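One structure below.
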Amino acid sequence: MKPIKINEVQEKLDRFVNKKVYVHVETTNGAYASHFNDKAYNVGAYVRNANVTFSQAKIVGDGKVFRAGLKMEMGWIYAEGLTDWIIEDEAKLLLAGHDREGRLMVALQISETPFHY
């Protein structure tokens, strides 16, 4: 993965607008939290292969940390805390946010084909 550059990622996001796509969204502090602090809670959310169509896609940020949103007819999907990105298999856009130790904290992935389990 490489650090997010807004213009490059926005161009990739725009390629998916008004198409039926599969979205993967994941947030987690993983098992990390309770390993280091027995009073901490493990939290996370996971959605895999949600089939959606969005009319607008936008990425914004301060140059270090970013937020990407997908506007659908009845709402939004967004991920905040994104830091890195890559195109996988020449077609899947993978956005991720990693903490200072490189651990995954958030992911937003978009593809015209389902993600493999």
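Numbering of the sequence shown is given in our numbering, commencing with residue 120 and proceeding in unit increments.
Idealized CB from N, CA, C, for every residue including glycine.
Keep in mind that this is a model prediction, so the values were computed, not measured.
Which residue's Cα is closest to the Cα of residue i: the options?
i	options	result
E145	M224, F234 and Y236	M224
D218	D181, N126 and N148	N148
Whose C-beta lies closer than 7 angstroms to the C-beta of residue i among residues of the same chain, with five residues either side of it excluded?
i	result
I206	K131 and L212
M120	D203, W204, I205 and A215
Enumerate in chain order the residues of its own chain whose CB-to-CB distance from residue i is below 6 angstroms, with the five nearest sequence positions on each side excluded.
i	result
W204	I123, V128 and L214
F185	I123, I178 and L201
Thinking C-beta only, is residue j closer than 8 angstroms to residue i?
i	j	result
V171	V136	no
E231	K138	yes
N276	F234	Examination of residue 276 is not possible in this model, given that the chain is present from 120 through 236 alone.
If you draw a straight line from the alpha carbon of residue i to that of residue j, how long is it in whole angstroms?
i	j	result
K183	L201	9 angstroms
N166	I196	Residue identity differs from the one stated: residue 166 is Val in this sequence, not Asn. Distance between the alpha carbons of V166 and I196 is about 11 angstroms.
L227	E199	9 angstroms
N161	R222	14 angstroms
I229	A187	12 angstroms
S174	G194	11 angstroms
H143	M191	15 angstroms
A176	G163	23 angstroms
G180	L189	15 angstroms
Among all the DSSP beta bridges, which residues are the ones paired with residue i?
i	result
V166	V144
S230	Y141
R219	R219 pairs with nothing; no bridge assigned.
A187	I178 and A198
L132	Paired residue(s): none; L132 is not in a bridge.
Got a sec: is the Cβ-Cβ distance from residue i to anything in chain B below 8 angstroms?
i	result
N148	Although the question refers to chain B, the structure presented lacks it and comprises just one protein chain.
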